[in-house]
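A.B. asks:
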Amino acid sequence: MRTLGTNKQPGLKRRNFLALGGGTMAASALAACSSGSGSAADDEVGGTVRFAWWGNATRQEIYTEFAEAFTEVEPSVTVQVEPAEYSGYLDRLAVQAGGRDLPDVFWLPANQVTTFAANDVLLDVESLADGVLDLSQIPSETVESWRLDGVLNAPVYSQYSTAAQLDLTALEEAGITDIPDDESWTWDDFLALAGDYSEAAGDGSWGIANMASFYQHAHMWIRQNNEEVFDADGNLSVSPEALSGWFELWQKGIESGAVMPNEITGGKNQWTQTNHQTAIYLTQLNQVADNASFSKDHQLKLAKYPVLPSAEDDYQFLYYTRIVIAQTSKSPASAGAFVNYMLNDERGAEMVGIASGIPVNPAVVDKIREVGDDTDRMIIEMQDRIDKQPMRERPEPPPSGANWQSLIETASDNIFNGGQPVPDAVERALSELQGELDRG
Amino acid sequence: MATINTLVPGETVTPPTAKSPKRRRRSGSVRRAKFGYLALFTGPWVIGFMLLTAGPLLAAVYLSLTDFNLLSDPKFIGLENYVRILTDDPRFVKSLLVTGTYVVASVPLQLGLALALALLLNHGVRGLSYYRALYYLPSLIGGSVAIGILWRTVFGYGGSVNQILTLLGFENLPNWVNNPTWSIWTIIILNVWTFGSPMIIFLAGLRQIPADLYEQASIDGANAMQKFLTVTLPMLTPLIFFNLILQTINAFQAFTPAHVISSGTGGPADSTMFYTLYLYIEGFTKYNMGYASALGCILLLLIGVLTLLNFIFSRFWVFYND
Chain A
1 MRTLGTNKQP GLKRRNFLAL GGGTMAASAL AACSSGSGSA ADDEVGGTVR
51 FAWWGNATRQ EIYTEFAEAF TEVEPSVTVQ VEPAEYSGYL DRLAVQAGGR
101 DLPDVFWLPA NQVTTFAAND VLLDVESLAD GVLDLSQIPS ETVESWRLDG
151 VLNAPVYSQY STAAQLDLTA LEEAGITDIP DDESWTWDDF LALAGDYSEA
201 AGDGSWGIAN MASFYQHAHM WIRQNNEEVF DADGNLSVSP EALSGWFELW
251 QKGIESGAVM PNEITGGKNQ WTQTNHQTAI YLTQLNQVAD NASFSKDHQL
301 KLAKYPVLPS AEDDYQFLYY TRIVIAQTSK SPASAGAFVN YMLNDERGAE
351 MVGIASGIPV NPAVVDKIRE VGDDTDRMII EMQDRIDKQP MRERPEPPPS
401 GANWQSLIET ASDNIFNGGQ PVPDAVERAL SELQGELDRG
Chain B
1001 MATINTLVPG ETVTPPTAKS PKRRRRSGSV RRAKFGYLAL FTGPWVIGFM
1051 LLTAGPLLAA VYLSLTDFNL LSDPKFIGLE NYVRILTDDP RFVKSLLVTG
1101 TYVVASVPLQ LGLALALALL LNHGVRGLSY YRALYYLPSL IGGSVAIGIL
1151 WRTVFGYGGS VNQILTLLGF ENLPNWVNNP TWSIWTIIIL NVWTFGSPMI
1201 IFLAGLRQIP ADLYEQASID GANAMQKFLT VTLPMLTPLI FFNLILQTIN
1251 AFQAFTPAHV ISSGTGGPAD STMFYTLYLY IEGFTKYNMG YASALGCILL
1301 LLIGVLTLLN FIFSRFWVFY ND
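Protein chains in written order, with our numbering: chain A, 1 to 440; chain B, 1001 to 1322.
1) What residues from the segment 1142 to 1163 of chain B come within 7 Å of chain A, judged by C-beta to C-beta, listed N to C?
2) Rounded C-beta distance between residue 1070 of chain B and residue 98 of chain A? I'm assuming under 8 Å.
3) Under 8 Å, CB to CB, which of the residues in the segment 1286 to 1309 of chain B have a partner in chain A?
4) For residue 434 of chain A, which of helix, strand or coil comes out of DSSP?
5) Drop a sphere of 10 angstroms on the beta-carbon of residue 35 of chain A, count the other beta-carbons inside from all chains shown, and report buried for 16 or more, exposed for fewer.
6) Run down chain B in chain order and give the residues with a C-beta less than 9 Å from the C-beta of residue 101 of chain A.
7) Which word fits residue 403 of chain A, buried or exposed, when buried means at least 16 other C-beta atoms lie within 10 angstroms of its C-beta?
8) Give the list of continuous alpha helix (DSSP H) stretches no shorter than 4 residues that lie fully inside the segment 275 to 357 of chain A.
9) If you draw a straight line from the C-alpha of residue 126 of chain A to the C-alpha of residue 334 of chain A, how long is it?
10) Suppose only complete runs of 4+ residues qualify. What are the alpha helix (DSSP H) ranges in the segment 108 to 141 of chain A, listed by chain order?
11) Which first and last residues belong to the alpha helix (DSSP H) in which residue 1296 of chain B is found?
12) For residue 1075 of chain B, which three-state DSSP category applies?
13) Residue 1263 of chain B touches chain A at which residues, Cβ-Cβ below 7 Å?
14) Beta carbon of residue 95 of chain A, beta carbon of residue 49 of chain A: below 8 Å?
15) Nearest chain B C-beta to residue 34 of chain A closer than 8 Å, yes or no?
16) Grouping DSSP H, G and I as helix and E and B as strand, with all else coil, what is residue 164 of chain A?
17) Listed from N- to C-terminal order along the chain, which residues in the segment 186 to 217 of chain A have their beta-carbon within a distance smaller than 9 Å of any beta-carbon of chain B?
18) In chain order, what residues of the same chain have a beta carbon less than 7 Å from the beta carbon of residue 1311 of chain B, not counting five sequence neighbours either side?
19) Can you tell me whether residue 1045 of chain B is buried or exposed? The criterion is at least 16 other CB atoms within 10 Å of its CB, across all chains shown.
20) List the residues of chain B that residue 87 of chain A touches, going by C-beta distances under 7 Å, in chain order.
21) Does any C-beta atom of chain A lie closer than 8 Å to the C-beta of residue 1092 of chain B?
22) Could you name the residues that DSSP lists as bridge partners for residue 148 of chain A?
23) First and last residue of the beta strand (DSSP E) that includes residue 83 of chain A?
24) Anything in chain B within Cβ reach of residue 115 of chain A, meaning under 9 Å, just list it in chain order.
25) Which residues does DSSP pair with residue 209 of chain A in a beta bridge?
26) Once the 5 residues before and after residue 280 of chain A are set aside, which same chain residues still bring their CB inside 8 Å of it?
27) So for residue 88 of chain A, helix, strand or coil by DSSP?
28) I think residue 1148 of chain B touches residue 1268 of chain B, with their Cβ atoms under 8 Å apart; what is that distance to the nearest whole Å?
29) List the residues of chain B that residue 98 of chain A touches, going by C-beta distances under 7 Å, in chain order.
30) In whole angstroms, what separates the C-alpha of residue 222 of chain A from that of residue 239 of chain A?
31) Over what stretch of residues does the beta strand (DSSP E) that includes residue 1193 of chain B continue unbroken?
32) Please state whether DSSP places residue 158 of chain A in a helix, a strand or coil.
33) Compare the beta carbon distance of residue 110 of chain A and residue 320 of chain A with 8 Å and say whether it is the shorter of the two.
34) Whole angstroms are fine: how far does the CA of residue 1303 of chain B sit from the CA of residue 1249 of chain B?
35) Taking DSSP as the reference, what is the three-state secondary structure of residue 1068 of chain B?
36) Hey, residue 133 of chain A and residue 336 of chain A: beta-carbon distance below 8 Å or not?
Here it is as structure tokens:
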């Protein structure tokens, strides 16, 4: 017979508990990775060039092929590609910068360029040996406009403006054939067209998705208010009224039924994400090729941006994708030769086209006119029309203002998802931005 | 040739009183051999700990006292980051509230579900190993990007959840992930779903409870609920405590689901601005790595204090069968 009460039960002991804790602690695996450029003397072309850029899968594939074709020009150079989606790309660059392991050549978006330049991590391309990087085919005033604080450390790879994109197929199916003249249409005309489509197309369709969170379009609105986000000295110069007007425009559109509300889009408001539930889109010209590829069965048309009646004529702007060489590059000559290839080689016209915007080299653009498809020609034609307008200067955001893009997104989120009044959301966004500028 | 000395039961060993030089030499070589084994077996862990935990931790503490933007060298600024966090950062407070809500809601729900299923599986279910594996699976994949994307779709405007609720007669359903009131609950549900890991531990604990305790309780006339409350639960308290500690620490570090579901913004309207996500945004989006390091140090301190409090209060409710 078993005696109860005196024997220790085989339950969990305190000592066992601690052992269990120790035993359950997971061991971390060490993933050591190293990479480095092949070494070559400063003015000697050869070795390995690491090249990083951003884009979707299609763009990654296109540029991988184009980068690999560089070996036909410089057989002594191997290009090691490091593509990524945009958001992951910037995060990775941050980590690489922190580890002093930046790629030799990489793209930089307009918002980040002054941050990198101010921290002296970009190579002045004028320090490259003569003949390595030839910028003679590009108009000299264009090249001069690329300088940051007088230094040519961030050449522009491609450029683009913004425009309205109309799905003619969808509009015609809805019985809308009377499209306003894009040389004179206003935002009221724009919302009226979107509203007409929403009404005609019926349930599940809207004229346009809510695009209030897109900073480049907010920027266009600000410029049409004859203001700028930052002045030439890097001070915040946009007024709360101008920024509020932007969000109120979209609010008005949602209330009238012209704009697809956030509840439906769920934050997926890019053309390729709304699955043809809309007929109109505000687009960067470097996205049109992807949009056209997504909408193969639809005829897309580009129109100039709607305009505020009070806007000066010089509101248009160009956004840049910069191509830079890291100061830490072990072979600046090879990196420079690769940048030269990216900017000037006419193979790019066929292999890349305008996958990331309009090339800066007019000869390459002319070649695209010859060999490109209808979409390419439509994009170039729109850019040509925009270029005919005067464009006042667009100062790049100062280093501590690079985050203004996410503040527009946050303000939009607070208004359209959080129900915050527009003036409060705008005041918060601007005061956060001012705080970041003050901290430097 | 090495010999093995065996001790016959009943035999006693008299410790040597005066060591001969030979014996001293032998004990020295034994000590060296023991140290060699110690180094061999603990070395990899110690090296890993120094390189992967202690080193980065110390670096983070140092960086938290600097202005470091990743692109240039850190500049020492003393406690400025901490002062700003504690006195002039509404998002720090917001992220603490969001994370606190998540921890307080998801950990008890997860442990409750894990315990309930462990009790169910402990009753000799046919195909137990199959169910164990099936229920454990979410613990392995729940924190992945793929599941985050799936969650976003399932709880989206036209997602499966709304389709099912519509079939059940509900109308005007929201986009759960895009609604500031509901978005955090989608992430809480995701965490609760990953109940497999604590469930396995509970299941192992249930197997350890001696059957005679239940026999005694039966003799005393206890019903199933009384047996659960007076035998099962007290005997499981060490494991409940263990799971509570682990899952609380895990919950404080939740990142991937919030990052994926909110597209890295912490939205809508900061409703999924988890502490780790905020830290990440400061460090990798805004390049404020010094500030992010200070946020990391505060999180470490917070988890440490909460764990300590858990241990202190455990003496009032955890039953160790010592």
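Beta carbons are placed, not taken as given, at the ideal position from N, Cα and C, and that holds for glycine.
Every value quoted in this text rests on a predicted model; they were computed, and no experiment measured them.
C.D. replies: On the basis of the supplied data:
1) Residues of the segment 1142 to 1163 of chain B with a C-beta atom less than 7 Å from some C-beta of chain A are 1156 and 1157, listed in chain order.
2) Right, the Cβ-Cβ distance comes to about 4 Å (below 8 Å), so this counts as a contact.
3) Under the 8 Å Cβ criterion, the segment 1286 to 1309 of chain B contributes 1286, 1287 and 1289.
4) The three-state secondary structure of residue 434 of chain A, taken from DSSP, is helix.
5) Confidence at residue 35 of chain A is low in this model, with a pLDDT of 37, below 50, so the placement of that residue should be treated as unreliable; the coordinate-derived value is given next. It is exposed - the Cβ of residue 35 of chain A has fewer than 16 other Cβ atoms within 10 Å.
6) Per Cβ cutoff of 9 Å: no residues; residue 101 of chain A is ~11 Å from chain B at best.
7) Taking a 10 Å sphere around the C-beta of residue 403 of chain A, we find 16 or more other C-beta atoms and assign the residue as buried.
8) The qualifying runs are 288 to 294, 332 to 344 and 347 to 351.
9) Taking the straight line joining both Cα atoms gives about 14 Å.
10) Note on the segment 108 to 141 of chain A: whole alpha helix (DSSP H) runs with a minimum of 4 residues are 110 to 118, in chain order.
11) Counting along the chain, the alpha helix (DSSP H) containing residue 1296 of chain B begins and ends at 1289 to 1314.
12) Correct three-state label for residue 1075 of chain B: strand.
13) Within 7 Å Cβ-Cβ: 267.
14) No.
15) Low confidence applies here, because residue 34 of chain A scores a pLDDT of 35, under 50, leaving its location unreliable; read the following figure in that light. With 8 Å as the cut-off, residue 34 of chain A does not count as an interface residue toward chain B.
16) In the structure shown, residue 164 of chain A sits in a strand (DSSP, three-state: E or B).
17) Of all residues in the segment 186 to 217 of chain A, none has a C-beta nearer than 9 Å to a C-beta of chain B.
18) Here the set comprises nothing.
19) Burial state of residue 1045 of chain B is exposed, judged by a 10 Å Cβ sphere holding fewer than 16 other Cβ atoms.
20) The answer, in chain order, is 1264.
21) Under the Cβ distance rule, residue 1092 of chain B does not count among the residues neighbouring chain A, no pair being separated by less than 8 Å.
22) DSSP lists A:151 as partners of residue 148 of chain A.
23) Its beta strand (DSSP E) spans residues 77 to 84.
24) The contacting residues are 1069, 1071 and 1287.
25) According to DSSP, residue 209 of chain A bridges with A:260.
26) So the list reads 164, 165, 166, 167, 190, 193, 194, 197, 207 and 208, once near-sequence residues are dropped.
27) Residue 88 of chain A falls in the helix class under three-state DSSP.
28) Rounded to the nearest angstrom, the Cβ distance from residue 1148 of chain B to residue 1268 of chain B is 16 Å, too far for a contact under 8 Å.
29) Close partners of residue 98 of chain A in chain B (Cβ separation under 7 Å): 1070 and 1289.
30) Spanning the two alpha carbons is a distance of roughly 9 Å.
31) No beta strand (DSSP E) contains residue 1193 of chain B, which is instead part of the alpha helix (DSSP H) from 1183 to 1193.
32) In the three-state reduction of the DSSP assignment, residue 158 of chain A falls in the strand class, which pools E and B.
33) A contact, by the Cβ cut-off of 8 Å.
34) Taking the straight line from one Cα to the other gives about 7 Å.
35) Correct three-state label for residue 1068 of chain B: coil.
36) Less than 8 Å separates the beta-carbon of residue 133 of chain A from that of residue 336 of chain A.
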